[in-house]
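K.L.:
Residue numbers (our numbering): 1275 to 1471.
One structure, pasted below without further comment.
Dropping the structure here:
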């Protein structure tokens, strides 16, 4: 997909594009992630950018996008106060503020992607301890894709992945949620070409 085609297809009111990926970013790639954020924000008018506020790829993409479109950015965090010094006045939604009884599809989407359903079930039942903290991250990763009653679903996702161990960890989990919900996505094998076209 060429950059112009991407913009034409996904720059419409209500469109949400995920910008995220691995915490470990190769030194030579860091500026490329920031530059992609800038390019997307400068080249679009309506597209919202959503991320999970994690270190690494999420932060680098958002740093670039915030230079031009801070008002079109959303963060979905695992709990209130997560890395709050990096939020920088961006619209933020927390997994611990969701009424899961009113939105059971979130739990369904999270548990069908994860083998440890009991951990997620304990989290959804209100247990907050060391054994359920990972569940808040999985729920956050699910919400980024599916949305909630307050924010719409993603239309597309752009990732920075570990190409030697692709689709692993939290990034791989989120890619799986995209796949389950028919949300198309790309990684740097595609979008790095956008920077030089």
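Just so it is clear, CB atoms sit at the ideal spot from N, CA and C, and this is done for glycine as well.
Can you tell me whether DSSP reads residue 1342 as helix, strand or coil?
P.N.:
Note: residue 1342 maps to helix in three-state DSSP.
K.L.:
Among 1423, 1461, 1415, which one has its Cα closest to the Cα of residue 1454?
P.N.:
Answer by Cα proximity: 1415.
K.L.:
Considering only residues of the same chain and omitting the five flanking positions on each side of residue 1436, which have a CB-CB separation below 6 Å?
P.N.:
1296.
K.L.:
With a threshold of 8 Å, are at least 3 pairs of Cβ atoms found where one atom belongs to the region 1297 to 1309 and the other to the region 1407 to 1426?
P.N.:
Not touching, per the Cβ criterion.
K.L.:
Determine whether the beta carbon atoms of residue 1315 and residue 1331 lie at a separation below 7 Å.
P.N.:
Not a contact, by the Cβ cut-off of 7 Å.
K.L.:
Just list the residues that DSSP pairs residue 1431 with in beta bridges.
P.N.:
For residue 1431, which the question treats as bridged, DSSP gives the partners 1292, 1459.
K.L.:
Specify, as a first and last residue, the run of the alpha helix (DSSP H) that residue 1299 falls within.
P.N.:
Looking at the DSSP string, residue 1299 is not in any alpha helix (DSSP H), and its letter there is neither H nor E.
K.L.:
If I follow the unbroken beta strand (DSSP E) through residue 1472, where does it start and stop?
P.N.:
Because the chain spans 1275 through 1471 in this model, residue 1472 falls outside it and cannot be assessed.
K.L.:
What does the Cβ neighbour count give for residue 1392, buried or exposed, with the cut at 16 atoms within 10 Å?
P.N.:
So residue 1392 ends up on the exposed side.
K.L.:
Roughly how many angstroms separate the alpha carbons of residue 1290 and residue 1446, rounded to a whole number?
P.N.:
Rounded to the nearest angstrom, the two C-alpha atoms are 19 Å apart.
K.L.:
Determine the contact status of residue 1322 and residue 1285, defining contact as a CB-CB distance below 7 Å.
P.N.:
No.
K.L.:
Once the 5 residues before and after residue 1448 are set aside, which same chain residues still bring their CB inside 6 Å of it?
P.N.:
So the qualifying residues of the chain are 1415.
K.L.:
Label residue 1283 either buried or exposed according to how many other C-beta atoms from any shown protein chain fall within 10 Å of its C-beta, with 16 as the threshold for buried.
P.N.:
When all chains shown are included, residue 1283 counts as exposed.
K.L.:
On a Cα-Cα basis, can you pick out the residue from 1280, 1377, 1344 that is closest to residue 1413?
P.N.:
The candidate whose alpha carbon is nearest that of residue 1413 is 1377.
K.L.:
I'd like to check one pair, residue 1311 with residue 1335: are the Cβ atoms closer than 7 Å?
P.N.:
The answer is yes: Cβ separation under 7 Å.
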